[in-house]
Amino acid sequence: MTVQHRVELGTSASRRFAMVGIVAFVFLALIPFFADRSLLVSLTQLMILIALGELWNLLAGYAGIYSFGQQAYVGIGAYATFALADLVGLNLWLALVLSGAVAVLIAMLTALLIFRLHGGYFAVATWVVAETYRLIVKNNATLFPRGTPQPLRALSVLGANRFQEVYWLALVAGVGTIVGALILLRSRLGLALSAIRDDEETAAASGVDVNRVKLTVYLIVAAATGLVGGVYLLNNVSIDPDSYFSIGLTAQMVIVVVVGGLGTIEGPILGAIVYFLLDENLSELGAWWFIILGVFLIVVMIRAPKGLWGLIQDRTGLRLFPVQRRLVIEKPSVDGGVS
Amino acid sequence: MTDAIVQGILLGGLYALFAAGLAIVFGVMKIVNLAHGDFIILSAYLTLVAVELTSLNPMVTVALIAAIMGIFGYALQRGILNFTLGSGILPPLVVTFGLSIIIQNVLLEVFSADTQGLDAGALELSSMSLPFGIAVGWFPFLTFLLAIAVLGGLQLVIGHTKMGRSFRAVSDDEETASLMGVRTRHVFGMAMAIALVVTAIGGVVLGIRTQFDPALGPARLIYAFETVIIGGLGSLWGTLVGGVVLGVAQNVGAYFSPGWRELAGHLVFLIVLAWRPSGLFGRNGE
C-alpha cells in the first residue's frame, strides 16, 4: 500500500474565482460604452496603479529587491514613447512597444552599478540613479525644450475616442501584469522566487542562483514598468521630467503593495483600490491627506506587515490566485476505507 | 574654477555633518533612515522657531536644537523604529519613508511652501582673502572646522566611552552583545539620539547658509548617502573625504552650468561605485 501524493496549485476558491475574474474582465472591458470621460480617466489611473503595484510587488514581495527608484522606468518608458513617436516619427504603437525595450537596456546598465550595493543602501542607490536620469532629461534641450512640459502630439492619431482606447490599453496593462505575475510565479523561476521570498540563504543552499534570479526579475519588471510608463503618458497627454521621474510614483507603489499585502498577487489589487478610493475622497485635504497616508503606511507596516489582504487571508484562508504549491496526500482506496 | 574647488572643499564639511548621522544609524542598527534628510530640514525649521521666540543668533541656539533633536531621536527609536527591527530590511525602509512623507507635509502645513532663511548676522557675510584672488567666507570656513570637531568628538565617544563600546558591540554582533548584558533597545535609542544631534548641527548650518523649504529633505538624504558611499562604509573620517569629493564635484559642475550641480555629484558618485564599490576609505564591500 503506497500513499500517493501530488502537488496542487489551485484551490476550489481559485477555480471559482477564475470564472469571476473572466466575468469581471468582460465587464471592465465594456465600461467605456457607458462611462463618461472623467470616470474613464480615473479608472485608467486605477489600472496603471494596479500594474505598477504588481510590478513593485514582484521586486519587494518576492525577489527581495527593495528599489526606491522604480520611477526611473516609468520616466524612461514615457520619454522613450515620446521621443520615438514625436521626435523620430515612429507609429505610436510601435513607439510604445519599443519603450519596453529601451527600459530593459537602461536597466541592464543600471544593474551593473547598483547591484554592487545591498539592502538599505541599494534602495537609496536606485533612487540616486533615477534622479540622475531625471537630471539628464531635464538638461537635454531636445527632450525638454525651454524647460516646459511637452504634449504628446502623436496622440492625435487616436481621434475622438482617445479616452476609450487608452482605457483599454491600461486595462490590458493592469490585467496583463496580474496574469503575467501569475504565469511567472507558477513557472520554474517563480518557484525560485518563492524560495527566495521565504528564505534567501536556504534558497541559495538549495541550488537557486539567487543573483541571477534577482537580475532576471529586475529586468522583466523594468521592461514592464517602462511599458506602463508609456501608457501613463498616453493618459496624461503631456510630459516633463519632474513628474515622470518623481519619487512620488514609487511612493504610490510602496503604499499600494504594503497596505494591500506584500508577496501576494491579490494584495496590490486590493491596495490599489483602497488607495484609489481614499485618494478620490481625501486628496482635497492637501498636506493632511499625505500626513494621514504616511501614518497609515507606518501603522500597517508595524501592526499588520502582511497588509489588508494578509488580514483577510488569516481569517478566511482565502486564496484567489493559484500560485501557492500545496502537498495533497491521497489515501489509497484499495482496501475500501473511507478517507 | 579654483574658487569653485575651494568653496566645494568647504561645502564638504557640511556634507560630512549630513552624512555622519546616516552612517552611525546604519552602522549600529543596520537601518537606512530614509527620513534623514527631512530631519535636517526639520532642524532648520526648529531653529527658525527658536530664533523667533528668543531673538538669539541661530548659532547660539544650536545646543538647544541639538538637545531637542537628540531627545526626539531617542523617543522615535524606542517608540517606533525598534518595532521595525528583526524582520528584514523592508520594514525600517518603509517606516522611515512614511516618516519622511509625514515630516515634509507637517512642515508644509505649519510653515507653508515659502522659502525661509536664518540670519546669523555679520558672520554670514564676512570673508577673508586668500592669494590668487580667492575669497573664503568665514562661515563656510568655520563650518569645515566644526565638522572636524564634530567628527573628532564622535570618534572619542565611539572609541573611548562605555556607550561607544556598546555601539561597536551591537554593530558587530547584536545577539552576542545582548547575551553579554548590553541593553540593545536602549543602545539603539542612544545611537539615534547621537545621530540626530549631529544631524541637527548640520540642519542649523544649512539654514544659515542657504534658503530652505519643506521639500528639500530628500535631496539632502541623497547627498548624505553619496557622501557615505564615496567616503567608504564604516569610516567616520571617510565621510569628510566623501563630503569634499561631492562638494567639489557639485561646485565644478555648477561652474560649467547651473543645471549640472546635482548631476555632476551623482555622476561622481556612480563613478566611485563602478570603480571602488567599497568607497575611497571603506573597509570592505558591503
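So the protein sequences, as listed, match chains A and B. Take 61 as the starting number for the first sequence in the working numbering and just add one per residue. Take 3 as the starting number for the second sequence in the working numbering and just add one per residue. Even for Gly, the Cβ is constructed at its ideal location relative to N, Cα and C.
Collapsing the DSSP output to three states places H65/A in a strand. Every alpha helix (DSSP H) of 4 residues or more that sits fully in the stretch 38–78 of chain B is shown, in chain order, as 38–56. For T192/A, the chain B residues whose Cβ falls inside 8 Å of its Cβ are L265, H268, L269, L272, in order along the chain. Secondary structure note for V199/B: its alpha helix (DSSP H) is the uninterrupted segment 186–211.
By the C-beta density criterion, R211/B is buried, having at least 16 other C-beta atoms within 10 angstroms. Following the DSSP letters along the chain, one finds G113/A in no beta strand (DSSP E) but inside the alpha helix (DSSP H) bounded by residues 97–117. When the five nearest sequence neighbours on each side are left out, the beta carbons in the same chain lying within less than 7 Å of the beta carbon of P93/B are those of T86, in order along the chain. Contact residues of the stretch 228–252 of chain B toward chain A are E228, V230, I231, L235 (C-beta to C-beta distance below 9 Å). Put simply, the CB of L353/A is near chain B, with a gap under 8 Å to one of its CB atoms.
Counting only Cβ-Cβ distances below 8 Å, Y278/A has no contacts in chain B at all, with the closest Cβ about 16 Å away.
In this structure, R222/B sits near I43/B, with a CB-CB distance shorter than 8 Å. Exclusion of the five residues before and after M313/A leaves L112, G113, L115, W116, Q130 as the residues of its chain whose Cβ lies within less than 8 Å of its Cβ. Taking the Cβ atoms as the reference, L147/A lies roughly 7 Å from T202/A, within the contact range of under 8 Å.
What Y126/A touches in chain B, judged by beta-carbon distance under 8 Å, is I91, L92, L95, going in chain order. With contacts defined by Cβ atoms closer than 8 Å, G139/B and S129/B form a contacting pair. With the criterion set as a beta carbon lying under 8 Å from some beta carbon of chain A, the stretch 123–141 of chain B has no members that meet it. Here S266/A carries a coil assignment [DSSP, helix/strand/coil]. L265/B and A18/B have their C-alpha atoms some 19 Å from each other. DSSP lists M130/B as the beta-bridge partner residues of V138/B. Inter-residue distance for A95/A and A226/B is about 49 Å (C-alpha atoms, whole angstroms).
The criterion of a C-beta distance shorter than 8 Å is not satisfied by V383/A and L109/A.
Within its own chain, the residues whose Cβ lies closer than 6 Å to the Cβ of A145/A, once the five positions on either side in sequence are excluded, are L152, A155, A214, listed in chain order.
The shortest C-alpha to C-alpha distance from V134/A to any of Y227/A, F182/A, R194/A, E344/A is the one to R194/A. A straight-line Cα-Cα distance of about 46 Å links P211/A and A122/B. A direct Cα-to-Cα measurement between L125/B and T145/B gives close to 11 Å.
Of the candidates L272/B, P60/B, G204/B, P60/B places its Cα closest to the Cα of L120/B. Annotation for Y47/B: L109, F113 place their beta carbon closer than 7 Å to its own, counting only its chain and skipping 5 residues before and after. Shown here, Q384/A sits in coil according to DSSP, grouped into three states, outside any helix or strand.
Inclusion of L322/A and A120/A in the CB contact set at 8 Å is warranted, their separation being smaller than that value.
Neighbours of V184/A in chain B, taken as residues at a C-beta separation under 8 Å, are given in chain order as V34, L36, L223, I224, F227.
For W187/A, a Cβ of chain B is located within less than 8 Å of the residue's own Cβ. Its chain contains F182, A185, T186, V189 as the residues whose beta carbon lies nearer than 7 Å to that of I174/A, once the 5 sequence neighbours on both sides are disregarded; these appear in chain order. Using a Cβ-Cβ cut-off of 7 Å, T117/B is close to nothing in chain A; its nearest Cβ partner there is about 17 Å away. Residue nearest to A25/B within the set Y257/B, I231/B, G249/B is I231/B (criterion: CA-CA distance). Looking from the CA of R187/B, the closest CA among M71/B, G88/B, T49/B belongs to G88/B. For L148/B, the closest alpha carbon among the candidates I7/B, F41/B, L13/B is that of L13/B.
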